[in-house]
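First comes the structure, then the notes that go with it.
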Amino acid sequence: MPEENCVIVRAAGRQLDLLRDEAFRIAKGANVGWWTDRAQVGTKFCFEDAKAKASFAAACNNLGIPYREN
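Quick note, in my numbering, the sequence shown goes up one by one and the last residue is 433.
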């Protein structure tokens, strides 16, 4: 799968669970697929759509969780 719509976050525990829930909600609303993968420094959240990725990045900002785009 292409990895052009990915965001790497540094989170663990409940924060990571919260981000998974948020990714699911965003992807379901946009009717697109999403997946996670391990990165060297964190967890990579990837989406099939650039708009879904942007929504997820905004959610990270709102939650105060640092991220970087891949």
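Where a beta carbon is used, it is the ideal one built from N, C-alpha and C, also for glycine. Computed from a prediction, not measured in an experiment: that's the story for all the values here.
Exercise. Apply the 10 Å Cβ neighbour rule to Phe410 and answer buried if 16 or more other Cβ atoms are within range, or exposed otherwise.
Key: Position 47 of the sequence shown, counted from the first residue, corresponds to residue 410. Result: buried.
Practice problem: Please say whether Val372 and Thr406 have beta carbons closer to each other than 7 Å? | Solution: Position 43 of the sequence shown, counting from 1, holds the residue named residue 406. Position 9 of the sequence shown, counting from 1, holds the residue named residue 372. Closer than 7 Å, so yes.
Quiz item: Is it the case that the Cβ atoms of Ala413 and Trp397 are separated by a distance below 7 Å?
Solution: Position 50 of the sequence shown, counted from the first residue, corresponds to residue 413. Position 34 of the sequence shown, counted from the first residue, corresponds to residue 397. Their beta carbons are not under 7 Å apart, which means Ala413 does not touch Trp397 by this criterion.
Quiz item: Mapping DSSP to helix, strand and coil, what is Glu432?
Solution: By one-based count along the sequence shown, residue 432 stands at place 69. Here Glu432 sits in strand by DSSP.
Quiz item: Once you ignore the five residues that flank Phe431 on each side, which residues in its own chain have a CB closer than 6 Å to its CB?
Solution: The residue you call residue 431 lines up with position 68 of the sequence shown. Residue 431 is actually Arg in this sequence, not Phe. Excluding sequence neighbours, Arg431 sits near Ile371.
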